[in-house]
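Written out below as structure tokens is the structure these notes cover.
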Amino acid sequence: MDSTLFHYLDYAVYGTAILVMLIGFYGTMVKKSLLKIVISLSVIDSGLNLLIVTIGYYKGGTAPIFSPGFLKNFKDVSKMVDPIPQALVLTAIVIGFGVTAVALALVIRLYRHHGTLNIDEIKNLKW
Amino acid sequence: MKKVLVILLLAVLGYYTAATFFDIGFGQPHFIKGLEPVKDIYLAQTVKTLKVSNAVTSIVVNFRGFDTLGEVTVLFLAVTVLGSVLYKKRHEVGERSVLFSASSIVTSGSKLLFPAIILLGAYVFIHGHLSPGGGFQGGVIIATGFLLMLLSYENYSVSHTALSVVESLAGITFAGVGLLGFLHGGTFLQNFLPTGVLNNLFSGGIIPIIYIAVGFKVGAELTGVIYTVLHEKGQSNG
Amino acid sequence: MEMIHIIFLIFLGGAVLTYFAGKVSKVLQDIFFLLSVLVPAYLFFANVGIGKEVTLTLGGITLVWGVNHFSWLFSLIVLGLGSMAAIYAIGYMKGKERKGYFYFNFILSIMAMMGILLSLDLVSFFVFWEIMTWSSYLMTVYNGHETQRIGIKYFVFSAIGAYAMLMAIVIVHHVAGSFMIGSMINFYPNMSLSLQIWIPILFLMAFGVKAALMPLHVWAPDAYSNAPMAYTSVFSGALSKMGIYGMVIVLVTMINQIPQGFWFREVIAWLGGITAVLGTLWAIKQDDAKKLLAYSSVAQLGYIIVGIAIGTELGMLAGLFLAVMHALFKGTLFMVTGAVEKQTGTTNFTEVTGLIRKMPWTFFAALFSIIALAGIPPLGGFVGKWMLYEALITSNHYLLVIVIFFSSTAAFLYCYKFLFGFFLGQEEKEWAHVKEAPVVMLVPMIIMSVLMFVLGTFPGLILKPINSGLVDLGYIDTFKHLWNTSIIFNAWGDHVVLQPILYYIIAIFVFFALFLTWKGHKTTRYVTTKDISSSGEVPAEDENLTFSVGFMQPFLRAVAPAMRRQIDKYYTGIADGLESLFEFMRRIYTGNGQTYAVYVIVFVVVVLLFKSVLF
Amino acid sequence: MIYFILICILFLLMIGASVYAIIQKDLLYAVMATGIISLILSILYYLLQAPDVALTEAAIGVALTTIIFVITIRNTVRMEDESDKKEKFKSAVK
Amino acid sequence: MVGTPVLFIAIPLLAAFLIPLLGMIWKELVRIVPGLVLTYLLILAINLLNHVLVHGPIVEVIAGWVPPIGINLVFSAFSGFLVTLMIFLGLLVWIYSYRFKRNVEYEPALKYFLMLMMLITGSVGIVLTGDIFNMFVFIEITSISAYGLTAFYKGRNSAEASFKYVMMGSIASTFLLLAIMIIYSQLGTLNMADIARKIHLMNPTLKIVSYIFFVTALGIEAEIFPLNGWAPDAYAEAPGPVGAAFAGIVVKAAVYAIIRYTYTIFDLSSSFSFLIIIGMITLIIAETAAIRQEKLKRMLAYSSIGQMGLVLVAFGFGTKEGVFAALFLMLNHAIIKSLLFFSGSYLVYNSTEKNIKEVNGMSKFLPVTSLLFAIGAFAIVGLPPFAGFWSKLSVLTAAADSNMILIMVLVLMVSVVELVYYLRVVNRIYFFKKEADTKPHKPTFNALFVMLVLGAIILLIGFYPDAVTGMLHKASASLMDKGQYIHNVLSLK
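Chains as they are written, first to last, in the numbering used here: chain P, 174 to 300; chain B, 972 to 1209; chain G, 7 to 621; chain L, 4 to 97; chain A, 206 to 698.
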């Protein structure tokens, strides 16, 4: 019983991450407010980061830290989860934050110029 | 109409992405058999050569230290871009916006908390190679400390010059340590200090130095971000 | 450093030097200009031996330049006419702005034409072809704002042609493994049938554009009439011959080798014939001398194309002879028009009349070239046309003979119009102050008129080089044989049988001219157009009563159905349609960032859905 | 079993929060929802044996990102279609 | 010792961190230091390129870990050629804008030069790196600087353009990370050479999906048709020299990435025809969109997109001739399009709308600039004797050698369209009467110098293509030889 449930859970992790990403995409493409678009972009990032960390996870693994306790008890490196995706996500989160900050600055400037955040009204550049 | 189209498109995209990741599988080693994944080497070398307890730190700072240098640069650039995008001439700079008027409990509370938060941040990035955490986390914590002060004190201000000096010095330290490694051992970011004993504070060679630099840099940069955005008082059709 | 390289370097350096010399002194600029056209011309004829080849490797491609008899013939046209036009241009351009620009492009186009003739490999052929195109394009738009549509039309047609040629070149390189013209010709019989058909078509597209072959001719009248006249004489006289040059090579070396070649030649010959008729009809309709000559050029090129498309020895001979003559008389005519334009400021027949007394020498040149154009003995046009008729009849193209005959008869109408419109007719007060053109402009015109006369009387002088050129192309040397069968030549090969008759004609001509002048001088009274009265009514000052108004209306009404449909309009329609399509296309970029995001997802989804097809 | 339900609740909460963040008209609440997403994320990271990432996410996602969003909202508009309403209001008055 | 590739990254980063400090000492240093850095890097790049052309590629290891473990940089004839080109253009952009931005205050100037330098560094990093995640980081560095540079002017539209760019850029990085993770989850490595060695073991479906995600992500940066909505706006709203930098540097880096993935990393044989299809669509749509543009820089932007499409088509032939043609095209495009952007931004300098109409009759006021623009226009449509002709000829030759007659026809037809719109502008410059009352702005000495250098290069390549073809042949050979690449990187001890 438990094992089947947990089997479904396996899919649920990926499913949740992808679903969150898709919700973010939906917001990016449908929502009219610039701020909402930036929020959606950060939602995409959240889903993506979860997905990446999930790839590095092994069932029953331990955090990739050789603490004194670990060294005493386990000493089995293969029981550790994969540290590389974690390192990558660390980078990705920081970069994502930088991009979000830039986007928000642009939103502020657009609002200063146009007096609105509706993306349909901000299209002086076309064709 | 557009919504339906978008949902349909996303459904297809989601189907393919999900199928791909279900193919990969969850929770067990998914590398193709017979290959030697790099992570095994990383984990082995972390303890053996670098004498660092936190494998993530060893990857972020040493194996893939180049990424981190880039990442720090991205933040540095973000601050630059932010300043450029929101740049105003001197006489246009107005009051900074105040989110809420803090009560005296909050102000004195944050005054008390501030040193503690800074200390915590420092602790986190100094111990980055031993325990979870590191330069980024510590830097962010320091930045939140400044954020707290900025929010609770209307007149609290951070010296812009000081921020950029700290930021630059930290950056130079990072790149400079890398170049020193280059001069010393022939490759960029190469370790040129004794690695010490595993799980000691002074271990891991240049890793703690770099992480401390990163901590200062990230802290200064994020404070700069908040500070710049805060100075953008709402005004439309300016 | 070979002589050919030196010639090109002089051209190139001369062009640049001339351009910058204008910043220092106008006279210096003129001198540089003349030198950089005349010196290479002298060097070429004096020092470059026929059959010599020089090579140069650029970008991994071997460029080979050399002269054979055939290209030598065309070099004669280019450099001869080019030198004459260059001398003329000194006078023509005096006091005009953008002199440096004019001289620069003039020298470059002469250089490019020489390059085309000397190229033995396809890459340098194409390079010089394109240089010729853009330098002549820059001349077309010399007059500014209004000409830009015309210029773009010219360039687009040329570019389509040139790109077709480029495609052919690249395919040839792929198949034959070399860019040499010689290896293309050698390899041609081994190509697949579709290539054997397509490669000539692609080449002919390029050459057809330059030779103003229907339906690719629509650029020509506008371009010819809008370039400065000093250049148009080269443009129409020599530059269009590059198309003829290419056509001859394609027709002789490739199309003649395949069984479908017969149809190719028929189609081209008929297109040439139709071009001739339509060009003539349109020329008659024009009121502007430049336009008239431009359409006339199109028609004349039609004759030449008919001649070379027939492909028999006599046809070839006729076509090439006409090409040389066309260069002479059309060059002169455009110079005449330029002189009139320079002295009066307009070239419209309905405005300028009666210049014969003001500009007698110009009239002399015009008279000679008109006679040559119309094909009246003793000038060269007659010989050429005679040979053309003979070639058509001997190769059983009776219908074409009728077409050509109709067109050349109709040509009399516009010849007359030109001559009468400018020079004869009543004198207007308005033009009383007009003086004869400067000597610099007269000298080339007179030289060329004399040449026309000489070549018309002694066609053997030019037929011999033509013949040796044809021998180079692979025709058997039929000089003696042909001379015997043809009516107009005697057995010695260089004099016309009709010579005694010609002399009589000349004598009568001269006599009547003298008589009329002497007699007329005494009895005639000079009147202006307004010096008339009918039914007691005196014409108002602003009424235009010049002879040329409504000239030949009945004739034009008769041929109106043939002229109603203009190919030009179809092209304009296509261009407009394309532009509105493009206007619609660019609306893909809606300006909304979200739409662009949707595009990204659409791209990913489409590629994912079709990944089994794509990958 | 409890563990299973806990994780399921976390997942559902996360999806719910992201949907809420997208559909909520009040941007301030939407930003709060992203903060909640980050919070859940950092718990999940912790469960997935990634304490470093959890720490970073907690610090950056929960605190910093939310705060700059809030400041931006403070500087622009709070409601998603506020600008529309303003114009409608103006035209109604006229 | 000729120097090592890592200096291309380390020196500019060090300088970038130093510049704010130096600016406190003497403000002018903010402008000077980036130029010094770029000059140094150019010398270094030329030295290294000469070395590499003779002795074979240099593989640089970072942090002392040999390639499958650590990050590495590869300076081969191919990447070295691109790096040299980028730094050269970057230096020109710096010279051009040194006085262009004279009237700008201290702080924006500081930021402008910082962002410009990081834009170049990021692009150079993309080209040099041998690690796919490291490439992601460099792409982000490049994009963020590009966002900032796009929004540099304070007009209302620049922020709009930049925001669109940010949206697309974020989506791009999402797909890029997904693709990287798919590869990583299967092969357990991030090193390009290592991946290339092992990729045949991968499940084909996963391989294709990750390739598609890669192409989508990089295609957004490389302006492939349905993904390039941001590009015309960004080009049109960024300062003139930055437009040149985008066309000459950023896009080249993105195309390099696509090519590296297609040629070296993945072993999908059909990906070449995929490149041809998307390249062709991009070429056609962009060139037809360009013909109806009302603004000069937008027109140049669309033209640039179209040229990139052509480059992809040429790479898609998959033959050595194709690669050679594509590289030649990239070189020519970088030089010519920069010249067009440089001279074009002076032609419409003082106008607010930057309409094509504003260039009417400019030849009277700015003769040299106009002449250089005309040379650029003639060169880019491939008229001999300018540089563009040789690349066009080599593209067509490569197409014929691959039996792609249809491609040839389409390319030539599109060339006619291109010709028409460039001619229209040149005609306006030379033959129209000036309408608008905007005052023409004389180019500064620096700008004139840069434009003349570029014009001279165009003529040089046009008359003497051998100046570059030898190098290009070596570069294309180095790209085609996948086995050698893997060997060079992985045999390090």
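Even for Gly, the Cβ is constructed at its ideal location relative to N, Cα and C.
| query | result |
| --- | --- |
| Mind checking if residue 237/P is an interface residue toward chain L, Cβ cutoff 9 Å exclusive? | yes |
| Does the stretch 263-275 of chain A touch the stretch 616-624 of chain A, meaning 3 or more C-beta pairs lie closer than 8 Å? | no |
| Are the C-beta atoms of residue 1159/B and some chain L residue less than 9 Å apart? | no |
| Since residue 396/A sits in a beta bridge, which residues does DSSP pair it with? | 336/A |
| Suppose the cutoff is 7 Å on Cβ atoms and the five residues either side in sequence are ignored; what does the same chain contact list for residue 528/A look like? | 520, 681, 684 and 685 |
| My output table needs one value for residue 68/G: the three-state DSSP class, helix, strand or coil. | strand |
| Could you say which of 331/A, 392/A, 413/A and 324/A lies nearest to residue 620/G if we only look at CA atoms? | 413/A |
| Can you name, in chain order, every residue of its own chain whose Cβ lies under 8 Å from the Cβ of residue 605/A, other than the five neighbours on each side? | 613 |
| How many angstroms separate the CA atom of residue 664/A from the CA atom of residue 321/G? | 44 Å |
| Does DSSP classify residue 310/A as helix, strand or coil? | coil |
| At 8 Å on the CB atoms, spell out the chain G contacts of residue 283/A, in chain order. | Those within 8 Å of residue 283/A in chain G number zero; the least Cβ separation is about 19 Å. |
| Might you give, ordered along the chain, the residues of its own chain that have their beta carbon closer than 6 Å to the beta carbon of residue 249/G, omitting 5 neighbours on each side? | 213, 216 and 217 |
| Can you list, in chain order, the residues of its chain with a C-beta nearer than 8 Å to that of residue 1057/B? Leave out the 5 residues immediately preceding and following it. | 1199, 1200, 1202 and 1203 |
| Going straight from the alpha carbon of residue 1001/B to that of residue 469/A, what length do you get? | 24 Å |
| In terms of alpha-carbon separation, which member of 288/A, 314/A and 258/A lies closest to residue 225/A? | 314/A |
| Tell whether a beta-carbon distance below 9 Å holds between residue 572/G and residue 210/P. | no |
| Chain G partners of residue 987/B, CB-CB under 9 Å? | 610, 611, 614, 615 and 617 |
| My output table needs one value for residue 1158/B: the three-state DSSP class, helix, strand or coil. | coil |
| Go ahead and label residue 1168/B buried or exposed: buried means 16 or more other beta carbons lie within 10 angstroms of its beta carbon, across all protein chains shown. | exposed |
| Just mark residue 500/G as buried or exposed, buried being the case when its beta carbon has 16 or more other beta carbons within 10 Å. | Here residue 500/G scores only 48 on pLDDT, less than 50, and its place in the model is too uncertain to base an answer on. |
| Would you report the Cα separation of residue 492/G and residue 397/G, rounded to the nearest angstrom? | Bear in mind that the predicted position of residue 492/G carries a pLDDT of just 49, short of 50, making it unreliable; the figure below should be weighed with that in mind. Their Cα atoms are separated by approximately 10 Å. |
| Is there a C-beta anywhere in chain A that falls below 9 Å from the one on residue 492/G? | Only weak support exists for where residue 492/G lies, its pLDDT of 49 falling under 50; the value from the coordinates is given anyway. By this cut-off, residue 492/G is not an interface position. |
| Using DSSP's beta-bridge definition, name the partner residues of residue 253/P. | 235/P |
| What do you get for residue 456/G, buried or exposed, if any count of 16 or more other CB atoms within 10 angstroms of its CB means buried? | exposed |
| How would you list, in chain order, the residues of chain B whose beta-carbon sits under 8 Å from the beta-carbon of residue 607/G? | 977, 980, 981 and 984 |
| Contact defined as beta carbons within less than 8 Å: I believe residue 79/L pairs with residue 281/P. What is the distance between those atoms, to the nearest angstrom? | 6 Å |
| Return the CA-CA distance between residue 225/P and residue 55/L, expressed in angstroms with no decimal places. | 14 Å |
| Suppose contacts are defined by Cβ-Cβ distances below 9 Å. Is residue 131/G in contact with residue 177/G by that definition? | no |
| Verify the CB distance criterion: does residue 399/A have a CB-CB separation below 9 Å to chain D? | Although the question refers to chain D, the structure presented lacks it and instead comprises the protein chains P, B, G, L and A. |
| Looking only at its chain, what residues have a beta carbon closer than 7 Å to the beta carbon of residue 297/G, apart from the 5 residues adjacent to it on each side? | 227 and 231 |
| Along the chain, where does the beta strand (DSSP E) that runs through residue 278/A open and close? | 277-280 |
| Tell me, please, whether the CB atom of residue 70/L is closer than 9 Å to any CB atom in chain B? | yes |
| Can you look up residue 348/G in the DSSP assignment and give me helix, strand or coil? | helix |
| At 7 Å on the CB atoms, spell out the chain A contacts of residue 1182/B, in chain order. | The premise fails here: residue 1182/B is roughly 14 Å from chain A at the closest Cβ pair, so nothing lies under 7 Å. |
| In the DSSP assignment, find the alpha helix (DSSP H) that holds residue 267/A and state where it starts and stops. | Neither: residue 267/A is in no alpha helix (DSSP H) and is coded neither H nor E. |
| Got a sec: is the Cβ-Cβ distance from residue 12/L to anything in chain P below 9 Å? | no |
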